[in-house]
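K.L.:
Residue numbers (this note's numbering): 183 to 441.
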Amino acid sequence: MSDPLFEEDEVPTWIFTFADLMSLLLVFFILMYSLSKMTETTLESALSSIQIALSSNGANINQSPRFYSGGGSKLIAPETPQLADTQDLTFSEEPIDTEEREQVNEIANDIANKMVSSNLSNAVSVFEDGEKITIRVDGQTLFESGEAQLSYEAEFIFNKLIDIFNRYPEYSISIQGHTDNIPINTVRYPSNWELSAIRATTALRYFLEAGFRPERMTATGYADSIPLVRNDSPENRAINRRAEFVLQKDPDLQKLYGK
């Protein structure tokens, strides 16, 4: 027969809930106290840390807070790059005859109409400058932040581009990758130069696997060296993150296809 003097009392289950509640209240009051003592410097430090952690390039980017935010006491202010000259982006250097200009304009309109009919006008834009046609695709539609693997949406867009490129085999295709100015430093991508170049070659490989001739295509990464707008806001940085497909009539391809 057991001695009741040595029996252990059972701990009521509600005590665990009560202990958790007390712990949460303690943390809450500590947080309130720390906020009441926050200075402008500590507030900027906290905001700069959040800005790094939640940058537009995502959590895959390994950035050094001490290097990019002044030790956590200053808000991040990206450097102001020199914007690409409008003439370099939109005009050819050599004069183009009227017939070729009209042909390029007709092809550009055909491509733009196909993008609209495919409900891709929000992600794809088409421009022509007399001899070149530029198909500009929103980078966020093609790739996840800080990655070079094609998204599901990218395959849908690329399949539409395959149909277009097959219609005009005498045009060469220059694939250009562009990023914003937020630095990246990961094992796979030490900088935006590697990221933009690998993204461009990933797109090129997709078209090569679809049967396009290698001599028809090139791929180049430009990182943040040719921004469309200043990288001074999340919206502008999103505009600068893009892939461009530049079509230009190639004499060698014209001979090959008899056009």
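Even for Gly, the Cβ is constructed at its ideal location relative to N, Cα and C.
Computed from a predicted model, the values in this text were never measured in an experiment.
Is it true that the CB of V428 sits closer than 9 Å to the CB of K342?
P.N.:
Locating residue 342 in the sequence shown gives position 160, where the first residue counts as 1. Locating residue 428 in the sequence shown gives position 246, where the first residue counts as 1. No, the pair does not count as a contact, with Cβ atoms beyond the cut-off.
K.L.:
Curious, which full-length beta strand (DSSP E) runs of at least 3 residues does the segment 302 to 329 contain?
P.N.:
Qualifying beta strand (DSSP E) stretches, in chain order: 306 to 310 and 314 to 320.
K.L.:
Run through DSSP, which three-state label would Y353 get?
P.N.:
Numbered from 1 along the sequence shown, position 171 holds the residue referred to as residue 353. Three-state DSSP puts Y353 in a strand.
K.L.:
If we count the other Cβ atoms within 10 Å of its Cβ and call it buried at 16 or more, is N244 buried or exposed?
P.N.:
Here residue 244 corresponds to residue number 62 of the sequence shown, with the count starting at 1. Only weak support exists for where N244 lies, its pLDDT of 38 falling under 50; the coordinates are left without a value.
K.L.:
The alpha helix (DSSP H) spanning L390 covers which residue range?
P.N.:
On the sequence shown, position 208 is the one that residue 390 refers to. Here the alpha helix (DSSP H) through L390 covers N374 to E391.
K.L.:
Using three-state DSSP, classify R424 as helix, strand or coil.
P.N.:
Indexing the sequence shown from 1 puts residue 424 at position 242. Strand.
K.L.:
Just to check my reading of the structure: Q331 and F325 have Cβ atoms closer than 8 Å, yes? What is that Cβ distance to the nearest angstrom?
P.N.:
Numbered from 1 along the sequence shown, position 149 holds the residue referred to as residue 331. Numbered from 1 along the sequence shown, position 143 holds the residue referred to as residue 325. Confirmed, about 7 Å.
K.L.:
In whole angstroms, what is the alpha-carbon distance linking V308 and I408?
P.N.:
Translated into the one-based positions of the sequence shown, residue 308 becomes position 126. Translated into the one-based positions of the sequence shown, residue 408 becomes position 226. Roughly 18 Å between the two C-alpha positions.
K.L.:
Measuring CA to CA, which of V319, M399 and I344 is closest to A392?
P.N.:
Working through the sequence shown from its first residue, we reach residue 392 at position 210. Minimum Cα distance to A392 is reached at I344.
K.L.:
Measuring CA to CA, which of T361, N367 and E337 is closest to A420?
P.N.:
Indexing the sequence shown from 1 puts residue 420 at position 238. A420 has its Cα closest to that of T361, out of T361, N367 and E337.
K.L.:
Could you check whether N363 and N442 sit closer than 9 Å to each other, using their CB atoms as the reference points?
P.N.:
Outside the shown range of the chain, which is 183 to 441, sits residue 442, and nothing can be said about it.
K.L.:
Secondary structure at E275, three-state DSSP: helix, strand or coil?
P.N.:
Position 93 of the sequence shown, counting from 1, holds the residue named residue 275. Residue confidence is low: E275 scores 47 on pLDDT, short of 50, so the model does not pin down where it sits. No coordinate-derived value is stated.
K.L.:
Does DSSP classify T402 as helix, strand or coil?
P.N.:
Counting from one through the sequence shown, the residue named residue 402 turns up at place 220. In the structure shown, T402 sits in a strand (DSSP, three-state: E or B).
K.L.:
Residues in its own chain within less than 6 Å of R318 by CB, not counting five upstream and five downstream?
P.N.:
Taking the first residue of the sequence shown as 1, we reach residue 318 at position 136. The answer, listed in chain order, is S307, R424 and E426.
K.L.:
Can you name the residues that DSSP bridges to K431?
P.N.:
Position 249 of the sequence shown, counted from the first residue, corresponds to residue 431. Its beta-bridge partners are Y353.
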